[in-house]
Amino acid sequence: MCTLFFLIFLIGCNQSPSHQVTESPSDQVTQSPGHRVTRLPVQRIISLAPSITEQLYSLGVEEKIVGVTIFCTHPAEAKIKEKIGTYLEPNLEKIVALKPDLVLATESQKKETVKKLKDLGIKIFVFKEGETFKEITEQFLQLAKILGEEKRAKRIITSAEKEIKKIIARDKNFFLLKVFLQLGSEPLITAGEDTFLNEMVELIGGANIAANLGKGYFRINREKVIQEDPEVILIVSMGETTEKELKAWLKFKNLKAVREKKIYLLDADKICRPTVTCFLEGLGTISKLIR
952 MCTLFFLIFL IGCNQSPSHQ VTESPSDQVT QSPGHRVTRL PVQRIISLAP
1002 SITEQLYSLG VEEKIVGVTI FCTHPAEAKI KEKIGTYLEP NLEKIVALKP
1052 DLVLATESQK KETVKKLKDL GIKIFVFKEG ETFKEITEQF LQLAKILGEE
1102 KRAKRIITSA EKEIKKIIAR DKNFFLLKVF LQLGSEPLIT AGEDTFLNEM
1152 VELIGGANIA ANLGKGYFRI NREKVIQEDP EVILIVSMGE TTEKELKAWL
1202 KFKNLKAVRE KKIYLLDADK ICRPTVTCFL EGLGTISKLI R
């Protein structure tokens, strides 16, 4: 149906709403209602998630990364790091051989993989992937706290917030537009409430037609989309299926989005990573397309 990256994205965005950091009994972490964590003496890190790898580079600790998945491609420098397998099927023997001080993962990682790593005596932290900008920044700050890079993280977040406010201010005088977000074709999948894609649309003054239909990522039938008659359709890239879907919508000539020629393709790899920098980039991209 779509690229493996997109499948991973969907898996990661349908996890439970917990904000906790998972810890093994030996982890030097203090959890509280505020989800506080303490700094750890880390020199060798393995990342099992593209979003975490990107965040590690943002925090300036890339020299401590000794292993990443084959899907960790942002920034480009991450491509030359030692590979420990795929996102959902990491090579445990390779991980052990690299002797990490810390392995970082997200909740979309298989529970059995996390358990096996713990049983091998490897320290692993499992973070929730943010479903809103607030949650994304919270997770980023948790990671920064562990690595002693809170000041740098706060600067990045403050800078992003300023840019987001500029985009919102620029778009506030535009008329409300009904938007449909398409994330899959067979079945048709969309983003509803409590997703950062929905948040992006709402921040720039758009109205996501699926926001009132459900939370997270779910199936929607084409007839319902036609009934809602969106003025804009945003199709997140799904490999070879993307162009096919674009042509499929063009058949419905009475749709406002078709009449106004406002069906746009979005690169999943650039808009669907739950990181501060990607959220800002995605918001700017959607704003320019819609407005």
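The opening position of the sequence shown corresponds to residue 952 in our numbering, with each subsequent residue numbered one higher.
C-beta: ideal position from N, C-alpha, C; glycine also.
Computed from a predicted model, the values in this text were never measured in an experiment.
Cα-Cα separation between residue i and residue j, rounded to whole angstroms
| i | j | result |
| --- | --- | --- |
| V1054 | T1192 | 35 Å |
| L1128 | L1010 | 37 Å |
| F1131 | I1177 | 10 Å |
| G1156 | I1118 | 10 Å |
| F1076 | K1204 | 50 Å |
| T1141 | E1080 | 18 Å |
| E1112 | I996 | 28 Å |
| L1197 | L1231 | 26 Å |
| S1188 | T1236 | 14 Å |
| P992 | E1063 | 26 Å |
| K1066 | E1137 | 33 Å |
| L1092 | Y1038 | 23 Å |
| Q1133 | I1073 | 39 Å |
| L1217 | L1139 | 16 Å |
| Q982 | I1214 | In this prediction, Q982 has a pLDDT of 33, which is less than 50 and means its spatial position is unreliable; nothing more can be read from the coordinates. |
| T1088 | K1102 | 13 Å |
| A1199 | D1180 | 15 Å |
Beta-carbon gap between residue i and residue j smaller than 9 Å
| i | j | result |
| --- | --- | --- |
| E1182 | A1208 | yes |
| F1078 | T1057 | yes |
| L1007 | I1021 | no |
| R1121 | S1002 | no |
| F1147 | G1233 | yes |
| L1154 | L1240 | no |
| I1031 | L1049 | no |
| T1228 | I1107 | yes |
| N1163 | V1152 | no |
Residue i - containing alpha helix (DSSP H), residue span
| i | result |
| --- | --- |
| R1170 | That residue, R1170, is in no alpha helix (DSSP H); its beta strand (DSSP E) goes Y1168 to R1170. |
| F1230 | V1227 to I1241 |
| I1177 | R1173 to E1179 |
| T1193 | T1192 to L1201 |
| A1162 | Neither: A1162 is in no alpha helix (DSSP H) and is coded neither H nor E. |
Best match in the options for proximity to residue i [C-alpha to C-alpha]
| i | options | result |
| --- | --- | --- |
| E1150 | S1110, E1179, S1188 and I1222 | I1222 |
| T1226 | P992, I997, A1027 and E1086 | E1086 |
| E1033 | L1039, L1201, R1242 and L999 | L999 |
| L1243 | W1200, I1171, E1013 and I1214 | Beyond the ends of the chain as shown, which are 952 and 1242, falls residue 1243; an answer cannot be given. |
| K1166 | N1172, D1145, D1180 and L1217 | D1145 |
| N1042 | A1027, S1059 and V1019 | V1019 |
| P1051 | Q1060, K1061 and K1069 | K1069 |
| L1071 | Q994, A1199 and E1044 | E1044 |
| N1172 | K1202, D1220, K1061 and G1135 | G1135 |
| K1212 | K1202, R1224 and V1047 | K1202 |
| R1170 | K1195, E1028, G1143 and E1179 | G1143 |
| A1104 | Y1168, I1115, R1242 and Q1090 | Q1090 |
Enclosing beta strand (DSSP E) for residue i [first to last residue]
| i | result |
| --- | --- |
| K1213 | K1213 -> no beta strand (DSSP E), and no H or E assigned at all. |
| N1124 | Premise fails: N1124 is in no beta strand (DSSP E) and is neither H nor E. |
| I997 | I996 to S998 |
| N1159 | G1157 to N1159 |
| L1139 | L1139 to A1142 |
| L1134 | Premise fails: L1134 is in no beta strand (DSSP E) and is neither H nor E. |
Beta carbon proximity, residue i to chain D, threshold 9 Å
| i | result |
| --- | --- |
| R995 | The structure shown contains no chain D, having only a single protein chain. |
Any non-hydrogen atom of the ligand FAD within 8 Å of residue i CB
| i | result |
| --- | --- |
| L1206 | In the structure shown, the ligand FAD is absent, as is every other ligand, since no ligand is present at all. |
Query - In chain order, each alpha helix (DSSP H) run of at least 4 residues that lies wholly inside the stretch 1024-1087 - result: 1043-1048 and 1062-1070
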